[in-house]
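Quick note, the sequences are listed as chains A, B, C and D, same order. For the first sequence, position 31 matches number 31 in this note's numbering, and the numbering has no gaps at all. For the second sequence, position 129 matches number 1129 in this note's numbering, and the numbering has no gaps at all. For the third sequence, position 183 matches number 2183 in this note's numbering, and the numbering has no gaps at all. For the fourth sequence, position 175 matches number 3175 in this note's numbering, and the numbering has no gaps at all. For every residue, glycine included, the Cβ atom is placed at its ideal position computed from N, Cα and C. Heads up: the structure comes next, in structure tokens.
Protein chains: 4
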Amino acid sequence: MTALLWPGDERAGELMSDGAVLIAMVAAETAWLAALAATGVAPADAPRDLAELVGPGDLTEVTGRSEAGGNPVISVVALLRERAGPHSSTGRWLHRGLTSQDVLDTALMLCARDVLDRLRAESATQVAALAELADRHRDTVMAGRTLTQQAVPISFGIKAASWLQGLLDAAEELTDLTLPAQFGGAAGTLAAAAEVAALSGSVEPAKTALDLAARAAAALGLPAGPPWHTARATITRLGDALVRCTDAYGRIANDVLTLSRPEIAELSESAAAGRGGSSTMPQKVNPVLSVLVRRAALAGPAVAAQLHLAAAAAVDERPDGAWHTEWSALQLLARRTVVAAAQTTELLAGLIVHTERMRATADAAAAGLMAERRSLADLGPDPGSGSNDLASYLGAAEELVDAVLDRAARYRGVGS
Amino acid sequence: MTALLWPGDERAGELMSDGAVLIAMVAAETAWLAALAATGVAPADAPRDLAELVGPGDLTEVTGRSEAGGNPVISVVALLRERAGPHSSTGRWLHRGLTSQDVLDTALMLCARDVLDRLRAESATQVAALAELADRHRDTVMAGRTLTQQAVPISFGIKAASWLQGLLDAAEELTDLTLPAQFGGAAGTLAAAAEVAALSGSVEPAKTALDLAARAAAALGLPAGPPWHTARATITRLGDALVRCTDAYGRIANDVLTLSRPEIAELSESAAAGRGGSSTMPQKVNPVLSVLVRRAALAGPAVAAQLHLAAAAAVDERPDGAWHTEWSALQLLARRTVVAAAQTTELLAGLIVHTERMRATADAAAAGLMAERRSLADLGPDPGSGSNDLASYLGAAEELVDAVLDRAARYRGVGS
Amino acid sequence: MTALLWPGDERAGELMSDGAVLIAMVAAETAWLAALAATGVAPADAPRDLAELVGPGDLTEVTGRSEAGGNPVISVVALLRERAGPHSSTGRWLHRGLTSQDVLDTALMLCARDVLDRLRAESATQVAALAELADRHRDTVMAGRTLTQQAVPISFGIKAASWLQGLLDAAEELTDLTLPAQFGGAAGTLAAAAEVAALSGSVEPAKTALDLAARAAAALGLPAGPPWHTARATITRLGDALVRCTDAYGRIANDVLTLSRPEIAELSESAAAGRGGSSTMPQKVNPVLSVLVRRAALAGPAVAAQLHLAAAAAVDERPDGAWHTEWSALQLLARRTVVAAAQTTELLAGLIVHTERMRATADAAAAGLMAERRSLADLGPDPGSGSNDLASYLGAAEELVDAVLDRAARYRGVGS
Amino acid sequence: MTALLWPGDERAGELMSDGAVLIAMVAAETAWLAALAATGVAPADAPRDLAELVGPGDLTEVTGRSEAGGNPVISVVALLRERAGPHSSTGRWLHRGLTSQDVLDTALMLCARDVLDRLRAESATQVAALAELADRHRDTVMAGRTLTQQAVPISFGIKAASWLQGLLDAAEELTDLTLPAQFGGAAGTLAAAAEVAALSGSVEPAKTALDLAARAAAALGLPAGPPWHTARATITRLGDALVRCTDAYGRIANDVLTLSRPEIAELSESAAAGRGGSSTMPQKVNPVLSVLVRRAALAGPAVAAQLHLAAAAAVDERPDGAWHTEWSALQLLARRTVVAAAQTTELLAGLIVHTERMRATADAAAAGLMAERRSLADLGPDPGSGSNDLASYLGAAEELVDAVLDRAARYRGVGS
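Below, the structure written as structure tokens:
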């Protein structure tokens, strides 16, 4: 991974790392081999846990042999076959009925599942933290700002609630995503799977082939379905959902960055030991988490668009380059989203709200913040009666905060 | 609209045209004004159909006055007020409680609804046409191709079914989209709405403000909810769904373009009178619909990504430029998607399938297309028994076609 | 044009408007027809100014007939031929030897030339304004800010000089761009041109064909050269240069937006009558020019990337959709860049620098701003001797401002 | 690096790898330290080759400590200081006067220089190979194709020449790029550098600071100049030039992919041992190099656009996230471009041209390919005289090939 140039990358651990993808490719092969035996297609001595044969320690070898086939699966299969013994039952039955796209797409779904599990956990924590902030600060008056200028009073509670809306939009979508296994064979007909079934005596080889796909998917814990070699909505929806997360995180980070400017000073990141330091200026405490979250938010959309472009450029029964652009894009997007999620969780957990400063700034700006209200006075029976009390011009902020908190409670109920 | 440089633009008619957006902005103002009166906030003589005052004929004037406010709403409101008479009841109550973002966001949702209606209609036609093709050609053998090379036999039916999967992925999502109204006032608190309610004697002005928003939304036929000024998933989901459509159309067009190359000649676009001609070569019949659909598919992802970037760059209670990038991006994406949808509908309706040529090419390539099968023979009891009959090596193609057709039938049931 | 949803669009006037592109297509045809006659290929009565026959008034008709051919040229040629009389000398010789890509690419280059002329004029004004600001404010002390936090003192002069560097980087590139004519015929061999030359008795038809291309290019004031139908660096360089302009404008606008926040208040846009108003808040004076410039800067990169994608997807002697994505992208990018340029020119001309507020903020933050200096004191013989005078810690700011001003002077010398 | 999911990555070796960037950061610190001593600012015992202290073996530690500072420089400096001994002369003087952006930007320029060196070498080989192909095949007749359909005859020589134009457009730009060092200190004023100069007794500390920057740049072999912390054309120009390379490679790969379809079979990739194999279909020889080159071409534009977005979002004296998106984007783009360059070089070196098949296809299509010519016959004195000989309808192909070959010769002269 490009860890050096993406500070915080380690927060994603092994999620969709090269090693994790390799493990997942081997798991896909293992599940298929087991299904071949379970359906009586392959002999009982064929299946084994292929993870015993090839693992992350083989990354360099696998990687170095991948270009010739255009993808890493061919070299994984070759290595597995070598190590199992090409004439052993395992070596003979391995990968029979599959195509490399089956293995790589399924592996990416397995990795994506772990990524979504992590993101859902982060979301639950974030939603709880933000709900607490929105609730606690429903009476914390501050200046609302539009187009950089002070507009009308708001509460910090309703600002937090608007952050929370974005998080919930992203989080709810994570819950809905489907990550199906991919088992279709060379051109999506399961022809080789049916053929090996027939060779083994199946009287309904097509049905056996579908059964193989269903069993292998079930063993991996993924939904089965028709192959999606060239219908890539599975991939684009995943990408869109990931970038919807970084959109939501970025929107929060932007506010923290703006409001932690010293001239505004209404929010601060928690000053963890050693964080935010400068290489040369000892006084600096930079809002580093927010900077790095914003980084991810600015970088996400183009990567997700790459996945759409791959879908749009699909052709034939497997495209000539478009598919190949997906793997790295998905890996980058997934890991960066996890990193940003973890940073956002920490950011929210430690966020310091300077309520007095909010109030003081708003009070000093009261004449401007209440100008809209004054402009409405002519509509009433008694022009000029409008109070100048900021807290009295918050409209339905309370009710809107409640509505968002209700939604958060429902999400947390579902998620728990 | 940039009609000259986007041939086929006229297929989108007035959907999300400048004129349509203007009409929708005026409709949003009309609905709000009516709600003000219906809740007793404004007097009974305030509401009127503002479309009588300002319409597409005023586009040039509205547009020319928009820069000063940074968006077109301010000039629309000014023009409405001028024409209603600034001191008339309509002129006095117009736009009270709203902010320009409310009006423009709501207007875009209204236009998007019409766009989705049209896309759903196109989808229904496309799904029917493709289901018919998939069913009719389940026994039409052709060469499956991967990475540009002949791979194993497939049927044209399963190819059509894979196109159909992509269409259904996109079409089902169109059914699920929510396009909420936006009514929040200057900073999303409904403060001005509550204020005018209070001035008119409401004892629960916050509740009245929420009621105003609910009524105005209902009058427009849009769902109500908390304001989403800076939580832009509504916009990004819409953009993602639109580009998921062009992804699916593009994938079809790519196959038509490839398979209508004269050296392959397995598909042709219907030769409508005068279509596909060249400015200089009289023999040419270019697959123009596919070319133009592919154009839209290549251009879509970057525009949808722009909407994500806007979401990711949101800040304060209204951002300083990010929001402003959304309008034109959404308009382009929506109109181009409609154009591509209509072209795809026509493409599918007229698609000519050269079944003999498919068969002849596959037969000539049979040795290669059946190589996978031969390679499996050693797994059986009787190596070499594998027939060389292409139709016998289609695996579960029949069953997979059926599965996709079932899904199409469910979609059409839902959609009807 | 999508004028309603891109406020300020009218600043671009007719530059690369649909009408301008149509006029330029007709001009390309006129120049070619004249060259045919000048080389003796066509008779003397063939050439005429085709602008008399077709012009912006025909946009609707041309546009409506463009889809069938996939581009607008075929319908322009048909209309020209109709109006000239298909059997007239003009009607018979019109477009002979050309292909539609020749006409459209050349037309876009003609329009791009006008765009660059305008941008160069704006650049000259901007550079002069910024050079003046940088020079005038070389002693205006303010807080330097990094990662949103106050860092060390700077002068507003050096900030303006850094803006100026970006402008010069963009402006110098505009000077270097080449916009060649495109004359290659159906597949870039000039075969039809040579053929008509041969038919007219040319003994060296290939040479005559090249001569035709050279003459037509010269008549249009564009450089000639080999056809570039599928070698699209001409287009991508133009796009990159345009977005380099909006990058530079955006960087300025971002600073103005930040520094005109009321809590910072170090810069303001000039408050032109009526500008920056809100639809509801009477006190608001929004930095509208900066908002709109930032909008263009956020939207530019994805459009320029579309041009690269078109180049990367080129295939055959004319691609099947990639080329078709270029036209609208180039139009959008060009017009938006011109609009942003004009807004930036006005922004710089009216920029108000609040020098006292800069100084006051910096003074109040002096302890922090000078912390780096204090941290260096241990390196000297006399720790602690460092003065706390902000103006004494500006390093080589003077010299750096001078270096940028020198560069600006050289640019202005070249440009004049 | 994400080697597993970008097959062929190893072709880029260590170019702009994490290790190379780390080495380059240390080299920038070494050069600055040496300059401090050479100007008499630091004592003579301060400088040393810091590569002795920190190197690629420390990547894990450096990376793991980078998030706190938001970039890797702070942890590199900390590690260098620890290892040099914080109280040693080296430890005390290290990094004095610099900011982390200076070190990282300069390091990226050093790595980019190596990348450009490699790309220029690949370009020279590619240009030679293509010039040879263009020259050899100037009489090899084939069908020209537009919008996927056969158009008019061309030679393979002129097709190769059009590929060559694209390569030259990219290659010439690589020669022109400037990669300046970045030395500006915390806010681009060189204040700390001037301060340490003053502390060491310099009477003209600003001049000494500029001298330090010039010396350090010279030691690294990079041009010096004013800091460009927020004027990012250096980065965007580099990115644009890289993607212009992959645009050119992709355009070639697209043609190879199309023309190596078995139904066309006019070109083949060299069948290197073991390359292009399938995981399941023994007969397959996939055009893997072209697939992987096309992959890079499809993925490049969005990454280069990310660099423009970073430039457009710059703010303050160092931006709050935009800068942070550049590093990884530049690394990806640079490495992928080198991989694609090497693959293109190999592709061109081994390209097999099936001249008989080209001719046979063109002959079989002669009636259509000559239709344009026939349509011109009415312009001559003797309608119908046009020969049907394909080779006689190549227009100025010879002359155009010569023009491109001349340009290639000039490039190779310059490059040698």
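Taking C-beta separations shorter than 8 Å and ignoring five residues to either side along the sequence, the partners of valine 243 of chain A in its chain run Gly300, Pro301, Val303, Ala304, Leu333 and Thr337, following chain order. When only Cα atoms are considered, glutamate 2172 of chain C and alanine 2128 of chain C end up about 14 Å apart. Judged by DSSP in its simplified three-state form, arginine 2065 of chain C adopts coil rather than helix or strand. Against chain D, the CB of leucine 298 of chain A has a partner CB under 9 Å away; the residue lies at that interface. For glutamate 372 of chain A, same chain residues with a beta-carbon under 7 Å away, outside a window of 5 residues either side, are Val152 in chain order.
With its beta carbon at least 9 Å from every one in chain A, valine 1127 of chain B lies outside the interface.
Here the alpha carbon of leucine 2400 of chain C sits roughly 35 Å from the alpha carbon of alanine 2112 of chain C. Per DSSP, valine 1291 of chain B is one residue of the alpha helix (DSSP H) stretching across 1288-1312. Looking only at D:Arg3410, D:Ala3408 and D:Leu3390, the smallest Cα-Cα distance to threonine 3140 of chain D is reached by D:Leu3390.
The beta carbon of valine 1077 of chain B sits closer than 6 Å to the beta carbons of His1095 from its chain, once the five residues preceding and following it are set aside; these are given in chain order.
Not one beta carbon of chain A lies nearer than 9 Å to the beta carbon of methionine 3142 of chain D. Using a Cβ-Cβ cut-off of 9 Å, glutamate 269 of chain A is close to nothing in chain C; its nearest Cβ partner there is about 11 Å away. For threonine 2361 of chain C, the neighbours in chain A by C-beta distance under 8 Å run, in chain order, Glu263. According to the DSSP secondary-structure assignment, arginine 232 of chain A is paired through a beta bridge with no residue.
Taking C-beta atoms as the reference points, threonine 2355 of chain C and histidine 2137 of chain C count as a pair closer than 9 Å. Per the coordinates, the alpha-carbon of glutamine 182 of chain A lies some 14 Å from the alpha-carbon of glutamate 317 of chain A. As DSSP reads the structure, isoleucine 154 of chain A sits in a beta bridge with A:Met142. Contact annotation: in the stretch 276-292 of chain A, no residue has its CB less than 8 Å from a CB in chain B. Counting along the chain, alanine 2329 of chain C sits inside the alpha helix (DSSP H) bounded by residues 2322-2350.
A Cβ of chain A is located within less than 9 Å of the beta carbon of alanine 1396 of chain B. Taking C-alpha positions only, leucine 3015 of chain D is separated from aspartate 3114 of chain D by approximately 7 Å. For lysine 3284 of chain D, there is no enclosing alpha helix (DSSP H), as DSSP gives it neither H nor E.
Residue environment for alanine 3367 of chain D: exposed (fewer than 16 other C-beta atoms within 10 angstroms of its C-beta).
Contact annotation: alanine 1341 of chain B and alanine 297 of chain A have beta-carbon atoms that are not nearer than 9 Å. With respect to the C-alpha of arginine 1357 of chain B, the residue from B:Ser1268, B:Ala1042 and B:Ile1074 having the closest C-alpha is B:Ser1268. Taking each of B:Leu1220, B:Leu1351, B:Leu1307 and B:Leu1190 in turn and checking the Cα distance to alanine 1265 of chain B, the smallest one comes out for B:Leu1351.
About 6 Å separates the CB atoms of tryptophan 1032 of chain B and leucine 1098 of chain B; that is less than 8 Å, so the two are in contact. Among the residues of the stretch 1141-1173 of chain B, those with a Cβ less than 9 Å away from any Cβ of chain D are Ala1143, Arg1145, Thr1146, Leu1147, Thr1148, Gln1149, Gln1150, Ala1151 and Val1152, in the order of the chain. In the three-state reduction of the DSSP assignment, leucine 98 of chain A falls in the coil class. Of all C-beta pairs linking the stretch 67-75 of chain A to the stretch 3275-3288 of chain D, three or more are shorter than 8 Å, placing the two stretches in contact. In the three-state reduction of the DSSP assignment, valine 1353 of chain B falls in the strand class. Of the residues assessed, serine 3290 of chain D falls on the buried side of the cut-off, its CB having 16 or more other CB atoms within 10 angstroms. The C-alpha of threonine 1148 of chain B is placed about 7 Å away from the C-alpha of threonine 3258 of chain D. Residue range 72-84 is occupied by the alpha helix (DSSP H) that includes arginine 83 of chain A. No alpha helix (DSSP H) of 4 residues or more sits fully in the stretch 2020-2046 of chain C. A contact between stretches requires three or more CB pairs, one per stretch, nearer than 8 Å, and the stretch 1238-1255 of chain B meets this requirement with the stretch 1162-1180 of chain B.
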